[in-house]
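Chains as they are written, first to last, in this note's numbering: chain Y, 24 to 111; chain V, 28 to 133.
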């Protein structure tokens, strides 16, 4: 990707921004459905109970921490992979 | 970038093929990350939320999961590259991407 000139980079940046927006929306809806499935199972009332609320908060925080850790490992492994490809 | 004459971008031509290549590379990486994220989540993260942090077991599981996912990926690449039925070397788009990747930087 470093072979792109400035103008090409500008165009590519726009493409990437659109993709990131789409990814964020997908991530968000996945997170809602996962934490809803895992935390909300009692329908005797229409409002979220205290237990459900704390569960949802922890669920989302845990998910974000998981993403962060996977992101770190992804970068490390990816760097290794690139190194191996260049050495071949 | 200089304000005078609008900077260097003004004089540069856009090569749609190069943008397409960058797009393909981005998608490949992005897809791999998304897969890694969801695979290691289902395999490692307990679906109970007593605490918001990953516990020690989950942490090392995630680390190993990522490593193994990459190793699987690499093994699969090596296996398929020399497979006669699935001959990626002869695919026109693969050749195009390879030639663009290996061309000298300008």
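Using N, Cα and C, we set each Cβ at its ideal position, and we do this for glycine too.
Fair warning: this is a prediction, and the values are worked out from it, not measured in the lab.
Please go through the same chain and pick out, in chain order, the residues whose beta-carbon is closer than 6 Å to the beta-carbon of residue 127 of chain V, but skip the five residues on each side of it.
48
Looking only at its own chain, which residues have a Cβ that is under 8 Å from the Cβ of residue 117 of chain V, when we skip the five neighbours before and after it?
none
With a threshold of 16 other CB atoms inside 10 Å of the CB of residue 64 of chain V, please say whether the residue is buried or exposed.
buried
Please state the DSSP three-state secondary structure of residue 70 of chain Y.
coil
Should the region 91-105 of chain Y be called in touch with the region 46-63 of chain Y, which here means at least 3 C-beta pairs below 8 Å?
no
Taking only beta-carbon atoms, is residue 124 of chain V less than 8 Å away from chain Y?
no
Count the other CB atoms within 10 Å of the CB of residue 72 of chain V; is the residue buried (16 or more) or exposed (fewer)?
buried
Are residue 81 of chain Y and residue 79 of chain V touching if we call contact CB-CB under 8 Å?
yes
Quick one: which residues of the region 61-73 of chain Y get their C-beta closer than 9 Å to a C-beta of chain V? List them in chain order.
61, 62
Quick one, which residues of the region 74-92 of chain V are near chain Y if we go by CB-CB under 9 Å, in chain order?
74, 75, 76, 77, 78, 79, 80, 81, 85, 86, 89, 90, 92
Starting from residue 81 of chain Y, find everything on chain V with Cβ-Cβ shorter than 8 Å and list it in chain order.
76, 77, 78, 79
Residues within the region 39-52 of chain V neighbouring chain Y, beta-carbon criterion of under 8 Å:
39, 40, 41, 42, 45, 46, 49, 50, 52
For residue 65 of chain V, verify whether its CB is less than 7 Å away from any heavy atom of the ligand ATP.
The ligand ATP is absent from the structure shown, which contains no ligands of any kind.
Between residue 90 of chain Y and chain V, is the shortest Cβ-Cβ distance under 8 Å, so that the two count as touching?
yes
Round the Cβ separation of residue 45 of chain V and residue 32 of chain Y to the nearest angstrom and send it over; I've been treating them as touching at under 8 Å.
Residue 45 of chain V to residue 32 of chain Y, Cβ: 10 Å. No contact.
Taking the C-alpha atoms as reference points, what is the distance between residue 89 of chain Y and residue 93 of chain V?
12 Å
With DSSP as the reference, label residue 109 of chain V as helix, strand or coil.
coil
Which of helix, strand or coil does DSSP assign to residue 77 of chain V?
coil
So, is residue 68 of chain V buried or exposed, given that buried needs 16 or more other C-beta atoms within 10 angstroms?
buried
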